[in-house]
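Trainee: Before anything else, here's the structure in question.
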Amino acid sequence: MERVYDKLKKCYEDVRKKTDFQPDAAIVLGSGLGGFAEKIDVCTSIDYHEIEGFPVSTVQGHKGRFLFGTVGNVKVVAMQGRVHYYEGYPMSDVVLPIRLMGMLGAKSLILTNAAGGVNETFHPGDLMLIEDQISSFVPSPLVGQNIEELGVRFPDMSAIYDRNLIRTLEGVAKEFAIPVKKGVYIQFTGPAYESPAEVRMSRIFGADAVGMSTACEAVAARHMGMKVCGISCISNMASGVTKEPLSHEEVQKAADKAAPQFTTLLTQAILRMGKESLEEES
Ligand code: HPA
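Laid out in C-alpha cells, this is it:
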C-alpha cells in the first residue's frame with residue numbers, strides 16, 4: 001500500500017513541476033457536464049497524459065485534463081473527465097486524482113455525475129443534491145494498509161456530504177429558481193446498466209439515483225478530511241422504471257439539456273462558498 005502513496009507523491013511532484021497553484025476547491029465534472037469549464041478563468045491546464053502514471057479515461061465524451069483557475073475570487077481545480085472502476089483501474093488509481101487535488105490544497109470537493117433516476121418521482125434532466133450514499137457494492141478505496149499521511153484507519157462517514165455546502169447549493173437553487181431534488185446516490189461498478197431487479201433493490205435500500213462513480217471518490221475525500229458535496233444530473237430513468245432501453249447517447253443528451261442550469265448552480269455556489277469562507281476567516 002505504501003506504493004499507492006509513493007505513486008500519489010510522484011504525481012504531485014509532476015504537477016508541482018508545472019504549477020504552484022493552490023486551489024481552494026476541487027470540482028469533478030461528470031459526463032456531459034464539462035461545459036462549466038467555460039466559467040473558469042483558466043490560468044493553467046494539465047493533460048492527464050502529462051502526469052506519469054496518472055489514470056486516463058477511455059470513455060467517449062470524457063476529456064482528460066485538469067483546469068486550474070478562478071471563479072470570482074475562488075481558486076479552483078476542475079477535472080474534465082474522470083476514470084471509472086469499470087475501466088479496469090484499481091480503486092486506488094480511481095481515487096488518485098481526488099487525493100492529488102486534496103494534496104494540492106483543495107479543502108472542498110464538488111462531485112458531479114450523470115445518474116439514473118431510481119426515485120420514481122424524478123425525471124430526466126432533474127438535478128439532485130446528494131445527501132448521502134451507498135458505496136457497499138464497490139470496493140472501498142481505503143482497503144489495504146492505511147495511508148496515515150492522508151487519514152485514519154477507520155474514518156467516520158456519518159456526514160459524507162457537508163450540510164453547509166448542501167445549504168449553500170439549496171440557497172442558490174432557490175434564488176435562481178432552479179428546481180433541485182435531494183437524495184441518496186448508490187454506486188455500482190458498471191459498465192453494464194443495472195437490471196430492473198437491481199434498480200428495485202436500490203429503491204428498497206433507500207437510493208434515489210444510481211451511477212458508476214462518485215461514492216468511492218467521496219469516501220477517499222472524507223478520509224483525508226475534505227468537505228464534500230455532490231450533484232447528480234438525472235440523465236435517464238433507471239432500468240425498468242420506463243420501458244425504454246438505456247443508451248450512453250441518451251445519458252449525454254439529457255446532460256446537455258440540464259447543462260445551463262447545472263452551470264448556474266455550480267458557478268453561483270462556488271462564488272458563495274468563496275464569500276462564506278472569507279467571512280469565516282475575518
Ligand atoms: N445507471 C448507472 N449509471 C448511470 C445511469 C444509469 O441508469 N445513467 C447515467 N449513469
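Heads up: the sequence shown is residues 1 to 282, going by my numbering. Glycine included, C-beta positions come from ideal geometry on N, C-alpha and C.
Within the present structure, is the beta-carbon of Gly211 separated from the nearest heavy atom of ligand 1 by less than 7 Å?
Mentor: The residue given as residue 211 occupies position 211 in the sequence shown. Result yes, Cβ under 7 Å from ligand 1.
Trainee: According to the neighbour-count rule (16 or more other Cβ atoms, all chains shown, within 10 Å of its Cβ), is Gln22 buried or exposed?
Mentor: For the purposes of this step, residue 22 is identified with residue 22 of the sequence shown, where counting begins at 1. Result: exposed.
Trainee: Alpha helix (DSSP H) containing Leu100: first to last residue?
Mentor: By one-based count along the sequence shown, residue 100 stands at place 100. That run of the alpha helix (DSSP H) goes 96–103.
Trainee: Can you tell me whether Ile204 is buried or exposed, with buried defined as 16 or more other CB within 10 angstroms of its CB?
Mentor: In the sequence shown, the residue the question calls residue 204 occupies position 204. Burial call: exposed.
Trainee: Tell me which same chain residues have a C-beta within less than 7 Å of the C-beta of Ala258, skipping the five on either side of it?
Mentor: If you number the sequence shown from 1, residue 258 lands on position 258. Correct list, in chain order: Gly125, Leu127, Cys233.
Trainee: Measure from the alpha carbon of Ala32 to the alpha carbon of each residue in Met103, His248, Ala269, Arg272, then state which is nearest.
Mentor: Counted from its first residue, the sequence shown places residue 32 at position 32. The identity of residue 32 in the sequence shown is Gly, whereas the question assumes Ala. Closest by alpha carbon: His248.
Trainee: Near Ile147, what residues of its chain come up, given a Cβ to Cβ distance below 6 Å and the 5 sequence neighbours on each side ignored?
Mentor: For the purposes of this step, residue 147 is taken as the residue at position 147 of the sequence shown. Counting only Cβ-Cβ distances below 6 Å, and skipping sequence neighbours, we find Tyr5.
Trainee: So, at 6 Å on beta carbons, what are the nonlocal neighbours of Lys182 in its own chain, with the 5 sequence-adjacent residues on each side left out?
Mentor: Here residue 182 corresponds to residue number 182 of the sequence shown, with the count starting at 1. Hits under 6 Å: Leu129, Glu131.
Trainee: Any idea if Gln145 is buried or exposed, counting beta-carbon neighbours within 10 angstroms, 16 or more meaning buried?
Mentor: Locating residue 145 in the sequence shown gives position 145, where the first residue counts as 1. Taking a 10 Å sphere around the C-beta of Gln145, we find fewer than 16 other C-beta atoms and assign the residue as exposed.
Trainee: In the DSSP assignment, the beta strand (DSSP E) including Lys75 goes from what residue to what residue?
Mentor: Position 75 of the sequence shown, counting from 1, holds the residue named residue 75. 74–80 is the span of the beta strand (DSSP E), which, as asked, contains Lys75.
Trainee: Tell me the DSSP secondary structure of Arg16 in three-state form.
Mentor: Here residue 16 corresponds to residue number 16 of the sequence shown, with the count starting at 1. Arg16: helix per DSSP, three-state reduction.
Trainee: Determine the direct distance from the alpha carbon of Ser239 to that of Glu175, and round the result to whole angstroms.
Mentor: Numbered from its first residue, the sequence shown carries residue 175 at position 175. Numbered from its first residue, the sequence shown carries residue 239 at position 239. If you take the alpha carbons of Glu175 and Ser239, they lie about 33 Å apart.
Trainee: For Cys216 and Met103, I'd like the C-alpha separation in whole angstroms.
Mentor: Numbered from 1 along the sequence shown, position 216 holds the residue referred to as residue 216. Numbered from 1 along the sequence shown, position 103 holds the residue referred to as residue 103. Taking the straight line joining both Cα atoms gives about 17 Å.
Trainee: Let's test the definition: count the other Cβ atoms within 10 Å of the Cβ of Met79 and tell me whether it reaches 16, buried, or not, exposed.
Mentor: In the sequence shown, residue 79 corresponds to position 79, counting from 1. The residue in question, Met79, is buried, as its Cβ has 16 or more Cβ neighbours within 10 Å.
Trainee: So, with DSSP's three-state summary, where would you put Asp193?
Mentor: As a first step, residue 193 is located in the sequence shown; it is residue number 193 there, counting from the start. Correcting the residue identity first, residue 193 is Tyr in this sequence and not Asp. Of the three classes helix, strand and coil, the one that applies to Tyr193 here is coil, per DSSP.
Trainee: Go to Ile46, then tell me how far its beta strand (DSSP E) extends in each direction, as first and last residue.
Mentor: For the purposes of this step, residue 46 is taken as the residue at position 46 of the sequence shown. It spans 41–47 - the beta strand (DSSP E) in which Ile46 sits, taken as one unbroken run.
Trainee: When DSSP labels each residue in this structure, what does Met128 get in the three-state scheme?
Mentor: The residue given as residue 128 occupies position 128 in the sequence shown. Reduced to three states, the DSSP call for Met128 is strand.
Trainee: In this structure, how does DSSP classify Met201 when only helix, strand and coil are distinguished?
Mentor: Your numbering for residue 201 matches position 201 in the sequence shown. Looking at Met201 - three-state DSSP - the assignment turns out to be helix.
Trainee: For Val180, list the residues DSSP reports as bridge partners.
Mentor: As a first step, residue 180 is located in the sequence shown; it is residue number 180 there, counting from the start. DSSP, once it has assigned bridges, lists Leu127 as partnering Val180.
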